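Data first, discussion second: the structure below is written as structure tokens.
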Amino acid sequence: MSTPGEIMDREESDTTENISEGPVNTETALPDEIPTTTPSFPALLLLAQKLLVPPKEDIKETTEESTVLTDFQVPVSPASKNSPEDMLADIIKYVTILRDSVDLIPIKDEEAPTSTLPIGHIARYNADVRTYNVKDAAKKSITNFIDQLDQLGKIFGVLDALNAIDYNYAAIVSSSNDPPGVSATSSNAPSSSLSSTDSRTKEENIIKILHYHYSSIFSILEQSPATSFRRHFLTDEIFLRFSIHNSRQHLITLPENHITYPSCLSAMGLLMFHLYEVTWENTTLENGLLISAMALSKWPALPTYTMVTTSATIHTALSCGLRLIARRDGDVGHIENALGSLRTVWDGYKDLPDQSPEMGTSRRSLREELGMCLLEHYRLSGQLEHLNQSIEHLQALLHHMKDNNHTPEQPIISNLGMAYLSRFLHCGDVEDLDRALYLGQPSVPIFDDDDSAAINYLFAMTLAERFKMTLDTPDLDKAIQHCRNAISLVRPFHPLLHQYRSSLACILYARYEAHKLGEDLQSALEVIDAAVTDDTTNHPGQYMYVPSKAIQGYLLSVRGESTGDLAAIENGISLISRARRDYFGPVYLESHIENYLSNAFLYLFRAKKDSADLETAVHHASLAFEKAPDNSPYRFKYGLNLGNLLFQLHQSSKSSQCDDALALFRFVSMSSTFPSIRLEAALQWANAAEASNYEYQVAHDALAMALDIIPLLASLEHRMPVQYKILSSQKCAIPIRAAAYSIDEGDIIKSIHYLEKGRNIMWAQALNLRAGYMLSRGDEREREFKLLSRRLSNMRHGESLIPSSSEKLEENIRHLPPDHFSRIPPEISSVLGRVIGIYRDNYSILVQQQGTNKTNQFLTSFKEHRGQARDLFLDSSVHSSAKRWHELISTFPDLQESLYFSEKQRADLMRIVTKGPIIIINAHGIRCDAIIVSARSEAVDVSFTHLHLPDISGDEIQAWAETLREGMNSFYVGDIPLPQYESNYLVPILRGLWKGLACPILDHLRQIGDVKRVWWYPTGPLMFLPIHAASPCEEDKPGLLDLLISSYVPSLHSLIRASKSPQLPLKVLAVGLPDTPGFSSLKYVDKEMKELKKHFRGSPDSLVTLIGEEANIYPVINSLPDYTGLHFSCHAYQDEEYPFNSSFCLQNGPLKLSKLIDVDLSRVQFAFLSACLTSAGDTNLPDECIHLAAGMQFAGVRSVVATMSSVDDKLAAGMASKVYGYLLRNGIENADPTETAEALFEAIKETRKRKIPLAYVVPYIHLGI
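Quick note on numbering: the UniProt record's numbering labels position 831 of the sequence shown as 831, and the sequence is numbered without any gaps.
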């Protein structure tokens, strides 16, 4: 065994060799021209440059290169108005003003629910504290920020102290204590400037200066308040080598029996471990481990008190070395040895008081190393108990440090985040994903280094995993960006570089699967090729990730499958098989390799049609399923894959695998994994049962399960744009299909239940939230529920409570009263003036120093980071908020808005159907059925009658809807004339609806009695067809426009709600915009408004108009709840990307549906929407009824006149006049808004007498009572 002297001599030899030849890291070489952006070279060299800058009075006489170097000069004249210290003081002043002004800011709710905080914050709150004061929290947060700014000021002091070190070489030469290894010859003397263009000479000069001043620099850094600042020097190769050199020099002078000798040995070993994590030289690691072991061997001889105080430090250092050896060799035994000693020391140490700052530091280091070793054990063994214990220690350490105003170092944060992410992947708990997301938020980096890379990598991986749950592709875009950031920040030879590249390739492939863009697959292949090139057979920590060769092989097989290249698929299988054979990590990671191999063999089967390949695919899919952890999301995903393969094998070879496939589909659909995976499994369960002619009930059960899962896709855990994307991605008619099964079974009530359950899901959520925030304040529980409902409602459309851009701010201002800012208290105006002044002064200084472009680039980057932090704050609290909201609403049964149909609603329906039947039309595949809800004259109950429609099918209806949409688009853009649109598109479809749907329904209605009024309840593509206008289209034969007063209903629930609204006297708000900025003029709006005034001339107070410039967003939206009638005569549009952005186009911007549904319109009796596309519907989710008219009804309006497509403004004016003329025929005081449908019927009949083309009349429809 080597003696301490031999080991230290060997390390000294290594150090000296590196000094003479320059650092191993080639990035540390000084560039000839230093960039003006953030330096990418190590911070220590940057400080050395500062030490070598000539005195200020000589700057003008230096070379151009020296002038560049002065850009980094820290000491600035205190008298300089533009010094960093002055700018920092201004910023602190600015932030302090804001903090002191918080109490002056009027806000609606000063309380906020604790559950809206990120989950990492909630853990630090008392579980019984359900709300917190927003202003107090804001002040505390700003105070913390001011403290951070103060810390930055202290860092400026550290830099000044470093710069103040005498760097005059003459002093070095005259010193009698020349450092070993540095000769004081003139040939080696460092000059006082870096004017030489020889970068090697510059570097040698820097090294010598640092060597001489090491002790001064080290003592200054020890006093630095910023952990990231100190941490960076512990990852700097030059600094570490000189630290080890000085440790050796100190140990040489120290007797081996000295009381500090073991601690010094331990400290030197720890420095070697830090150096190993920079250079990854095995010799350094082994020497560090030997020295740490020597320290431990001498530790028992210490006095008892010293043994206790040094125990943590000595055991921590040795355990660190054992952990690094375990990572290098993949030997869990080293970790178990480390854990044995660490646990023993921790048990004796955890309750000891901190008798000194060093004692507290030692305790923190001990706990950090214990958490790290437990995490490493999990990575090696896959044992969940070690992961749980690791999280417990690292989380407690993080909280302790924050509570004691210690800034945690980034490795603690990134490793805790990776631990949470690992537990999410193992157990599927979404809250762990939230915690990882919160911890992974990349901050504005002080240094570009491995720690910053790790944080970016954590954030990227968390976003990538969240995408698999939400299917929200922007998560992938951000994940790719941050993974690229991680790759750019990490050292070129870091062993995790190829892991980062492998992960980037996987994320790029995920985006390829989402969008099917070939460039993403090509980029993934290029990145994985680079990762394989980086990979070696003895990389430390290979067990931590799926081998890059396996990923490379899988991507090759994917490309082969997409291009029909059989050789590429076979090559991919070969690479995956080789990676599988060489893999030695934990089983849970091996499941991914098995899955890759299974998919590759499936591609081979598709190419060669050899059933043996399919059987091999099934074999590896079985292994992937078995090896995945029990509750991992991947286990259920792989179970779904296995089920699909088994069913495919059954179909190809008529094997007996179908039962196994159905069992797997059922297992996955009933699990607790992602709703998207569960829904796919339920649908496959139904499809397989149908295709294999299983018992009818099997497929029915599967569809019933799918219906239970659908609402989970639109849960409060996701904001509504994400909910919409998830629901849209399914594109499946599950409610219609399930209803068809129930109709076949003769269970009509259940079929209605299925239809109601599967539609208007997003509306139900909106109604529940609104019921919550409209709740009157009561006890603490009610107050919390009200606040939480309001917060979730504000967040649900993806908008922040604080505007994220000037555009968002302008949009918010449109919703404020015109005199809003004049009402701001003078104190706040004064504060804002001072803050703006400080901002402008510092902006001017930055422009003078950096130029306009650089300053604006910096501000843009800062805003992007701030926006990302804001989004992350919302994202990482949404699951806890939703969970608490569900807990609370369960205690308010009267508030829950369920859209399901139940027997309890029969009495409500009875009051409606006495005026006319509700006709539900369900079309699926080759069949179509009607369910007629009516009240027979002799009955006292509601009658539900099934009517089969044999002359029309779901497939025909789908084709008609697509044809009509195509024809309308061609007509409205002018590609075809009106006669061609009517003859080729509209008339054939109306005739088809007449023959297949209207005629048999009319025959049935004649049996009921003299029916004049009906409510149509279409499903699926029928939502886009004008059922109310079905006709033989022959002059002498009437159609439905002539025979029935028709209304439409989004759902039975919405109709029942509308019927229960109280009837109030009519007072109408009419909004008219003849000229809207950015849109064509509507010449007949003025005429329409004049006609309305004529109808109300007997009671002018019953009509209020907002016309032209008066029709701004604020007065309109603020006035809506005060009226019982609404009239909009303006442009409108249906947003096909996100229908909740569908809008009325007002004078100063769009009044969006997302804003409209938050308004309480329960007093409004009727609304006339004299605008285009107000009930056009959404092609992606037709059964959700997301359009302006439905929004009005769900907001509380009883009766709505709307348009299915674009309309002529001249005809619109005439139609509106006729409707009001009918409603007010007996005077305003006798107006009955429930006659709106009849009024529209009469208006259409009168209009048709004037031979108006059918295409102009058909779009007008009525919704509601």
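Cβ coordinates follow ideal geometry from the N, Cα and C atoms, glycine included.
This structure is a prediction, so every number in the text was calculated from the model and none was measured.
Quick check on this structure: which residue in Ser341, Ala704, Trp763 and Leu788 has the alpha carbon closest to the alpha carbon of serine 669?
Ala704
Excluding the 5 residues preceding and the 5 following proline 1259 in the sequence, name in chain order all residues of the same chain whose CB lies nearer than 7 Å to its CB.
Thr1203, Met1204, Ser1205 and Val1207
Aspartate 1036 to serine 1119 span [Cα, whole Å]:
48 Å
Anyone know if the C-beta pair for valine 1049 and glycine 916 falls short of 8 Å?
no
Alanine 460, DSSP secondary structure in three states
helix
Once you ignore the five residues that flank histidine 498 on each side, which residues in its own chain have a CB closer than 7 Å to its CB?
Ala531, Asp534, Asp535 and Ser548
Three-state secondary structure (DSSP) of valine 95:
helix
Check serine 141 in the structure and name its three-state DSSP category.
helix
How about alanine 1243 and lysine 1210: do their beta carbons lie closer than 8 Å?
no
Pull up the distance between the alpha-carbon of histidine 1262 and that of leucine 1055, whole angstroms please.
12 Å
Taking just the CA atoms, how far does serine 247 sit from lysine 208?
Summary for lysine 208: the model assigns pLDDT 49, below 50, so the residue's position carries little reliability, and this model does not support an answer.
If you count every other CB in all the chains shown that lies within 10 Å of the CB of lysine 516, and 16 or more means buried, which is it?
exposed
Per DSSP, leucine 1069 forms a beta bridge with which residues?
Val1104 and Leu1126
How big is the Cα-Cα spacing for isoleucine 748 and alanine 1212?
40 Å
Under DSSP, the alpha helix (DSSP H) around glutamate 385 begins and ends at which residues?
384-403
Contact check, alanine 338 vs serine 319, beta carbons under 8 Å
yes
Look at the alpha carbon of threonine 38 and the alpha carbon of threonine 235, and state the distance between them as a whole number of angstroms.
Residue placement at threonine 38 is flagged as unreliable, the pLDDT there being 30, under the threshold of 50; the coordinate-derived value follows with that caveat. Between threonine 38 and threonine 235, the C-alpha separation is close to 18 Å.
Report all residues from its chain with a CB closer than 7 Å to the CB of isoleucine 932; omit the five preceding and five following residues, and keep chain order.
Pro917, Ile919, Thr945, Leu947 and His1004
Grouping DSSP H, G and I as helix and E and B as strand, with all else coil, what is arginine 1013?
strand
What whole-angstrom Cβ distance do serine 297 and histidine 315 have, given they're in contact under 8 Å?
Going by Cβ atoms, the distance from serine 297 to histidine 315 rounds to 12 Å, so no, they are not a contact pair.
Once DSSP output is grouped into helix, strand and coil, what is the label at glutamate 570?
helix
Buried or exposed: where does leucine 1066 fall if 16 or more other Cβ atoms within 10 Å of its Cβ makes it buried?
buried
Could you give the distance in angstroms between the alpha-carbon of leucine 285 and the alpha-carbon of leucine 397?
27 Å
Extract the residue ranges of the beta strand (DSSP E) inside the segment 1113-1187, only unbroken runs of 3 or more that lie entirely within it.
1125-1129, 1143-1146, 1149-1152 and 1166-1170
If you count every other CB in all the chains shown that lies within 10 Å of the CB of glutamine 1147, and 16 or more means buried, which is it?
buried
Rounded separation between alanine 514 and glycine 321 - CA only:
43 Å
Restricting to runs no shorter than 3 residues, where is the beta strand (DSSP E) found entirely within the segment 970-1051?
1013-1017 and 1045-1048
Beta-bridge pairing of tyrosine 132 - partner residues as DSSP gives them:
Ala112
Using 8 Å as the threshold, is the segment 756-764 in touch with the segment 778-790, meaning 3 or more CB pairs across them?
no
Distance, Cα to Cα, threonine 143 vs aspartate 450?
30 Å
If we call anything under 8 Å between Cβ atoms a contact, is leucine 1041 one with isoleucine 957?
no
By the DSSP assignment, the beta strand (DSSP E) with aspartate 929 in it spans what residues?
927-934
What is the DSSP secondary structure of histidine 406, reduced to helix, strand or coil?
coil
Give the straight-line distance between the Cα atoms of serine 611 and tyrosine 554, rounded to the nearest whole angstrom.
20 Å
Select from Val1197, Asn1112 and Phe1144 the residue whose C-alpha is nearest the C-alpha of serine 1061.
Val1197
What distance in whole Å lies between the Cβ atoms of leucine 575 and glutamine 552, which are believed to be in contact at a cut-off of 8 Å?
6 Å
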